[in-house]
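Residue numbers (my numbering), protein chains in the order written: chain S, 15 to 346; chain D, 2 to 311; chain U, 2 to 517; chain X, 64 to 396. Here is the structure we will look at.
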Amino acid sequence: MSDTSIPKSAVQDAAPVRPRWKTILLRPEAMTFVLLILATLGASLLSPFFADIAYILESFTYYSEYAIVGLVLTLVIISGEIDLSGAAMMALSACLFGITYQAGYPISVAILVSLISGVAMGWFNAILVIRFKLPSIIVTIGTLTLFRGIAQVIAGDRSISKFPSWFVGIDYQYVLNLPIPVIVFCVVALALGVILGGTVLGRQIYQIGTSAIAAQHAGIRVNRIKTGLFIGMGVASSVAGLLTASRLASVRYDLASGAELQMVLIVMLGGTYIFGGRGSIIGTFLAAWLLVIIATGMTVANIPINAQLTVLGLLLIISIIATNIIYSRTQR
Amino acid sequence: ADPIKIVFVGKNTGNPYFDSLVQGFVDGCDKLGCEFEFVAPATAEATSQIPFITAQIQRGVDVIATSPNSPDALNQVLDRARAKGILVLSVNGDMTGNEEHRDAAILPTDFEKVGADQVELVGSLIDYEGEIAILSATTEAPDQNKWIVGMNEALANDPKYAKMKLVATVYGDDQPEKSTTEMEALLSTYPNLRGVISPTTVGIAASAQVVQSAGKADTVKVTGLGTPNQMRPFIKDGTVEAFQLWSPYNEGWLASHFAVGVKDGTIKNEVGATFEVPNLGTITINPLNSINTQAGLTTFDASNIDDFNF
Amino acid sequence: MPVSDTPVLSARGISKQFGGVEVLSDVDLDLSAGEIHALLGENGAGKSTFAKILSGVHRPTRGTLALNGNPVEVPNPIAAQNLGITLIHQEPISFPDMSVTENLVLGRHDGALLGRVPWAQMERNANELMDMLRVSIDVTKPMRGLSIADQQMVEIARALASDSRLIIMDEPTAPLTPKEVETLFSIARRLRDQGRTIIFISHRLEEVQALCDRATIFRDGHLVETANVADLSDEDIIRLMIGRPLKEMMHRSGAKIGDVALEVRELSLPGKFHDISFTVRHGEIVGLAGLVGAGRTDVARAVFGVAPAASGSIAVKGKTVEIADPSDAIELGLAFVPEDRAVAGIFGTLPVDQNITAAVPGKIAPHGFIRSAIERALAEKSVKDLRIRLAALRQPIGELSGGNQQKSILARWLHTDPDILILDEPTRGIDIGVKAEFYDMIGTLAANGRGVLLISSELPELLYLCDRILVMSEGELTADIAGDEATQESVMRAAVPTKGKHGTGGSPPEHNEVAL
Amino acid sequence: MNSLTAALRFILLRREAGIAVMLVLFSLVVSAIEPRFLSLDTLRIVMLAVPLILIAGMGQMMVLLARHVDLSIGSILGFSAIVAGMAFRDLPEMPWWFGFFIATFVGAALGLVNGAVVTLFRLPSIIVTLGTLSLYRGVLFLISDARQVDPQYIPRPLIEMSQTSPIFGIPWIIFIALTIALISYVFLDHTRLGRQIYAIGSNPVAAPLRGISVVPVTLLVFTLSGALAGLAGVLYASRFGYVNPSITGVGFEFTVIAAVVVGGVSINGGVGTVLGTVLGVIFLGAVSVALPILGVSAFWRDAIYGAVIIIALLIDRSVRESGIRSATLEARA
Ligand SMILES: Nc1ncnc2c1ncn2[C@@H]1O[C@H](COP(=O)(O)OP(=O)(O)OP(=O)(O)O)[C@@H](O)[C@H]1O
Ligand SMILES: Nc1ncnc2c1ncn2[C@@H]1O[C@H](COP(=O)(O)OP(=O)(O)OP(=O)(O)O)[C@@H](O)[C@H]1O
Ligand SMILES: [Mg+2]
Ligand SMILES: [Mg+2]
């Protein structure tokens with residue numbers, strides 16, 4: 015252990031260090047995990063129809079798109095920024111996909127257009143935040159209105175459909191008994207988890223979120239990394255938009271409307287610190303399942319949506335407060 | 002045997018129109034001995050109904066009735082329900098162009114006739130002479146668009162309406178604020194406007210409110226489709242002379258009878274088949290497996306509005 | 002000097018801890034009506050902390066205060082105001098979007114919260130105050146963009162406007178010109194004659210001699226002496242402050258000085274600095290002196306690429322280079338220890354080891370993935386070499402004391418094996434023992450052939466360490482003095498502004514300046 | 064610098080002038096395409112479109128001045144409107160004007176909750192109010208049983224506030240909005256408390272050092288924002304004649320924030336005036352009225368609002384920057 019190699023005399027005037035087990039248990043992810051277990055038990059008691067893996071997986075596909083964006087959003091929030099435009103980017107990129115396909119281009123071109131639009135929108139956010147030094151939270155409130163507004167302008171109120179049958183129904187394609195959106199989610203989680211936890215890039219994201227100024231002084235390319243994260247948000251959103259298009263076999267401008275809140279909810283539930291510098295992919299991963307279990311459990315028990323909304327709103331507030339308390343306790 | 006389980010997945014909660022429809026279901030099931038539940042998402046967004054429908058499949062219900070928020074976003078999940086042997090009904094609106102994804106549609110009236118009925122109503126209010134306008138829901142709303150086509154056809158083809166001129170069709174997106182602004186713009190743009198048809202509940206309420214505020218109720222006749230509860234004050238104070246609707250209650254009543262009948266085999270869900278429903282008489286299954294509760298619209302005015310509460 | 006019997010304010014056993022470190026221990030002090038009382042001590046001795054306790058910004062960990070013999074609590078600045086205690090902060094605090102007039106009265110508790118703001122009268126009063134201080138500041142302008150000196154003047158005016166019995170001035174003269182200082186002094190004397198009490202904090206001993214009646218000297222958080230100024234010589238004061246006579250602070254013997262490592266040519270950044278040229282050689286320690294706000298930090302930031310200059314060029318080892326970002330500078334062998342350690346140096350909530358290795362990602366992750374064994378080994382070596390005191394490497398660095406945080410930042414840069422080190426106030430807020438260690442380290446770095454640019458506000462430190470001292474004033478380089486020719490007087494002469502809107506003539510201070 | 068250019072710069076640097084110019088230019092361009100736009104009638108429509116936004120905008124402005132933001136006002140509006148509407152429906156003997164108190168009180172209470180969470184846990188208001196945005200909407204569904212309050216229950220005199228006028232043919236509702244704006248002006252510009260709101264936003268760290276009680280003032284600001292959103296709620300019932308839990312107030316926050324930010328209120332706190340906000344509200348009102356008159360689809364509205372928010376942010380930033388630059392240069396000159 016490294017700790018023991020430091021001479022005893024040096025330790026005298028420094029504050030005592032918390033035992034390692036305490037630091038682990040005090041992490042908000044532990045709270046998410048406990049909630050996940052409680053929610054699963056609660057949902058099983060609430061409705062006899064709940065405890066069915068196939069059903070839970072199917073329900074997960076409905077949230078998988080938000081959860082995938084939430085994974086990237088986790089990195090963005092750890093880096094000290096936020097992006098509320100994910101849902102609007104999903105809608106606009108999906109509408110562009112639909113329009114391109116409807117205009118007679120092959121579906122591969124349409125997919126490309128959608129991905130490129132994701133890059134462009136993420137970049138647009140990044141320019142406003144980084145080049146013009148505007149706060150990301152208000153910038154992305156502006157762009158969420160703008161992006162969805164453009165989607166509305168180009169797609170109107172109609173839904174665009176009649177995609178080729180191979181493209182449709184990705185949520186009913188299975189690999190190893192898992193629907194593809196679930197696989198995508200798990201793969202993205204694994205990849206981002208490794209990047210965040212094991213690589214220099216991940217380390218630097220934490221450092222940027224802890225203090226962007228100190229990071230810049232340490233030679234970390236803060237602007238480049240943040241730009242990359244915003245673009246990552248755009249790409250993830252357009253992938254999520256495509257998954258949604260495939261699942262629904264149609265796209266509309268109001269696709270994923272209001273989902274920005276769900277995305278933030280997932281990340282917050284996973285214990286990522288709203289002020290940046292702390293958080294984890296495993297937390298977001300667990301939180302996505304937690305959200306699905308809670309929402310699905312209440313829906314299958316026919317609990318009215320009024321109560322569901324209240325529960326979710328409370329959950330968001332409580333998880334922010336709890337995370338905040340945990341983190342402000344563990345730093346003096 | 003277990004009672005038949007019927008669930009109705011509404012457009013969204015808080016929509017008073019559906020209270021009466023649900024009551025029709027409840028009364029129908031009381032009489033027929035089926036189990037009924039009503040669920041609805043918070044918003045009328047295209048995909049918000051999907052988790053609710055999946056949950057009902059998981060619960061193993063026998064019949065899913067829904068008023069779809071989108072003509073095609075539900076296709077996949079409804080197909081899955083039907084594959085499980087669940088009877089899928091589209092209630093109060095159809096999935097135009099996607100009829101193969103539901104078993105039958107329960108419509109409140111013959112949608113082909115709504116347009117003509119509405120033109121006749123506004124014509125009667127303005128002595129079949131002058132400029133009229135339409136304030137609709139959204140540009141792509143399928144039912145409203147079908148009716149607007151009907152209105153245009155009636156105006157073009159029926160010599161009775163030769164002196165009436167449709168000057169504008171505008172859209173308030175079923176939002177009170179937008180509808181109000183659009184209606185005010187109409188009044189300002191067309192000073193000679195004589196009548197407004199608003200075939201949507203949000204739109205007609207906003208239009209009535211605007212002409213009332215502007216003190217133009219005498220010169221501009223507002224009519225359209227609305228619910229009696231929503232329109233009652235305007236009828237009482239004379240802002241609106243008459244408007245129309247069908248009976249949502251009868252829709253629920255018919256849907257429950259149809260569902261139970263199909264499930265226990267007494268009704269054949271085939272085009273051209275007929276069956277009897279108490280209070281409604283003989284119902285015929287029309288092309289594309291769609292059935293109506295009544296042929297024409299009911300007109301509400303000062304003489305009868307107090308007989309209705311929905 | 003009318004000194005009445007009951008003290009206006011008496012402090013007993015005042016102690017203050019920050020994060021377990023005691024920065025003020027058992028201070029007993031009595032202040033009388035109608036005296037100007039100097040607080041003296043090295044940087045970090047606890048002067049500002051004591052002032053903040055009196056004015057309710059901080060609460061003491063232990064100890065009591067009494068006003069005119071009655072025990073009082075000063076839980077917050079509002080309470081202090083109500084008790085008639087006003088603090089002029091060391092760093093001017095202001096509301097940048099609001100006018101000077103409003104800055105003068107905001108938060109003053111006279112009148113109902115919903116009472117009308119008497120704009121016209123306020124403006125008149127503000128103008129009167131500015132006249133009294135003999136400064137020409139447009140009181141309707143927002144504070145944003147006022148020079149530091151003007152901001153300090155507004156701060157002083159605010160304290161004058163309040164009817165306080167005790168006014169604490171924390172280094173009010175640091176950014177002021179001699180003429181402004183003289184105005185301030187005459188006002189302070191007038192207030193004393195009205196029977197008010199003034200606490201005057203300054204590093205300039207001649208100001209203390211000129212103004213103050215009594216002086217209290219702090220060292221490492223302890224009150225070491227309170228005496229009449231008349232009974233104290235400068236030598237006494239310095240000895241009391243640093244615990245040893247000034248004589249020991251002598252020039253360091255010069256190391257072998259090699260080729261030019263860093264050359265800066267005609268660097269300018271409008272609004273910050275203008276036409277700055279200098280060189281730093283291998284093995285050379287170059288000092289950069291100046292008053293607070295002279296623009297030294299801005300130059301350092303420009304050289305390191307944090308906020309690049311608008312024009313001019315930089316050459317490293319003879320080659321002209323483009324430095325647009327700190328990462329460019331690091332690749333060229335530069336390192337920069339910033340002055341604002343808490344904001345620009347440490348990652349407060351991250352472990353010490355991650356802080357130490359932050360600038361060498363290639364070393365800890367040879368194939369892209371971080372190898373924690375390597376990382377720990379690097380960090381442990383630094384902890385041993387620099388004698389960083391900590392409990393565990395995984396401890397958040399924010400829990401370490403300031404000196405050990407600063408050592409960790411230095412360690413971070415030593416891992417990059419830099420040729421040129423820019424150190425901006427490296428010993429600020431560091432206790433005296435660690436300071437000596439730092440001097441040794443800086444000397445060793447130069448002896449190993451590294452070029453060092455040392456920015457410091459502590460003149461003795463510069464005089465002791467540097468081979469050459471550059472002086473900046475109001476964004477321009479005003480002197481380049483060889484180490485053995487530099488004296489406190491010659492440096493200060495170049496540091497005090499000779500133009501600008503306050504300094505009307507080029508008159509350097511007449512008296513022998515000793516700035517510590 | 065001579066005094067004329069100084070005066071000119073002073074005026075041009077003021078955001079109000081910029082918005083006024085934008086408003087005039089916009090009106091000219093629109094009326095060049097559609098001359099009818101420049102009419103008294105249009106003015107009336109614009110004026111009728113803005114009172115709710117203006118009233119809630121005053122509250123939002125105070126929140127922004129204190130360097131916070133309140134995203135929950137749409138839900139607060141809906142919540143207060145529903146509670147007032149249910150009172151009208153279930154307590155028919157209640158005097159109709161009592162609805163104003165109910166709605167304002169409910170709004171104030173919800174705003175206070177926002178403020179309490181923000182100050183108690185030191186959380187960013189934007190996240191807290193994003194949470195209460197959905198929480199309040201959920202609770203509002205619960206208490207209303209997801210049922211709308213039908214027009215027949217909205218008292219006639221309340222509806223007439225949007226229709227009848229005390230003077231000059233200007234409806235009551237516009238008078239109420241202008242009165243609120245006037246009171247806000249006096250409050251923010253001429254009372255100590257009002258100035259303290261600016262101070263907190265201008266420098267939150269300095270404010271407590273200067274003896275300003277930041278927590279109570281922050282609570283007050285959120286409470287006022289809630290109260291004004293609540294007042295807008297009861298006026299919603301007046302203007303639209305009914306209250307629906309899933310429609311009333313949805314998306315309202317974006318409209319209000321757009322208007323206030325366009326009006327020159329800085330999201331960095333401490334900067335903004337009542338006049339600017341009023342102009343911003345009118346500008347957005349003019350845009351939303353111009354669209355149908357020009358025959359542009361309402362689908363454009365959101366895109367335009369989004370673009371307007373972003374442009375306003377950019378303007379705010381460049382004004383700030385050039386302000387700092389010129390001031391620094393001046394100080395050195
Ligand atoms: N808020 C704080 N948190 C932690 N440590 C602090 C804080 N404020 C001051 N200190 C520490 O307390 C010690 C005394 O600081 P103080 O500001 O009182 O010194 P000073 O005598 O005013 O020095 P200077 O002459 O540089 O102004 C320093 O070591 C400083 O780092
Ligand atoms: N409150 C302020 N408003 C605007 N500019 C400021 C303010 N404070 C400082 N500056 C800018 O900072 C510059 C001086 O600060 P800087 O830190 O570079 O000087 P310094 O000589 O390093 O002083 P220090 O000894 O405090 O480190 C000035 O040129 C000034 O433009
Ligand atoms: Mg100090
Ligand atoms: Mg500096």
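For glycine and all other residues, C-beta sits at the position ideal for the given N, C-alpha and C. Because the structure is a prediction, the values reported are computed rather than measured.
Short Cβ contact (8 Å threshold) for residue i with residue j
i	j	result
R292 (chain S)	I92 (chain S)	yes
L66 (chain U)	V75 (chain U)	yes
T110 (chain D)	Q231 (chain D)	no
T97 (chain D)	P72 (chain D)	yes
E46 (chain D)	D268 (chain S)	yes
A216 (chain U)	L41 (chain U)	yes
A437 (chain U)	V472 (chain U)	no
I145 (chain X)	S207 (chain X)	yes
Heavy atom of ligand 6 within 7 Å of residue i beta-carbon
i	result
D27 (chain U)	Here the bound small molecules are ligand 1, ligand 2, ligand 3 and ligand 4; ligand 6 is not part of this structure.
Distance between residue j and residue i (C-alpha atoms, nearest Å)
i	j	result
P339 (chain U)	N405 (chain U)	15 Å
R297 (chain U)	I456 (chain U)	7 Å
A309 (chain S)	L60 (chain S)	12 Å
E124 (chain U)	Q82 (chain U)	22 Å
A205 (chain S)	L88 (chain U)	55 Å
I398 (chain U)	G349 (chain U)	5 Å
V202 (chain S)	F299 (chain S)	10 Å
G306 (chain S)	I70 (chain S)	In the sequence under discussion, the amino acid at residue 306 (chain S) is Val, which differs from the Gly named in the question. The straight-line gap from Cα to Cα measures roughly 8 Å.
One or two residues paired with residue i in a DSSP bridge
i	result
T217 (chain U)	U:L40 and U:T227
A175 (chain U)	Its beta-bridge partners do not exist; DSSP assigns none.
R282 (chain U)	U:V261
S16 (chain U)	U:R63
Minimum Cβ-Cβ distance from residue i to chain C less than 8 Å
i	result
L262 (chain S)	The structure shown contains no chain C; its protein chains are S, D, U and X.
| query | What residues in the region 202-217 of chain X bring their beta carbon closer than 7 Å to a beta carbon of chain S? | reply | V202, F204, L205 and A209
| When you check each C-beta in the region 146-176 of chain D against every C-beta of chain X, which residues fall closer than 8 Å? | V171, Y172, G173, D174 and Q176
| field | Stretch pair the region 139-149 of chain S + the region 335-343 of chain X: three plus CB contacts closer than 8 Å | value | no
| Interface positions of the region 166-184 of chain S facing chain D (Cβ-Cβ less than 7 Å), listed along the chain | G170, D171, R172, S173, S175 and G183
| query | Contact between the region 155-168 of chain U and the region 188-204 of chain U: three or more CB pairs below 8 Å? | reply | yes
| task | Could you tell me whether the region 112-129 of chain X touches the region 245-261 of chain X, where touching means 3 or more Cβ pairs closer than 8 Å? | result | yes
| Contact between the region 168-175 of chain S and the region 252-271 of chain S: three or more CB pairs below 8 Å? | yes
| said: Under 8 Å: do the region 280-288 of chain S and the region 5-18 of chain D share three or more Cβ pairs, one atom per stretch? | reply: no
| said: Measuring CB atoms only, is the region 224-238 of chain S touching the region 125-134 of chain S, in the sense that at least three cross pairs come out at less than 8 Å? | reply: no
| task | Would you list, in chain order, the members of the region 290-307 of chain D that have their beta-carbon closer than 7 Å to a beta-carbon of chain S? | result | none
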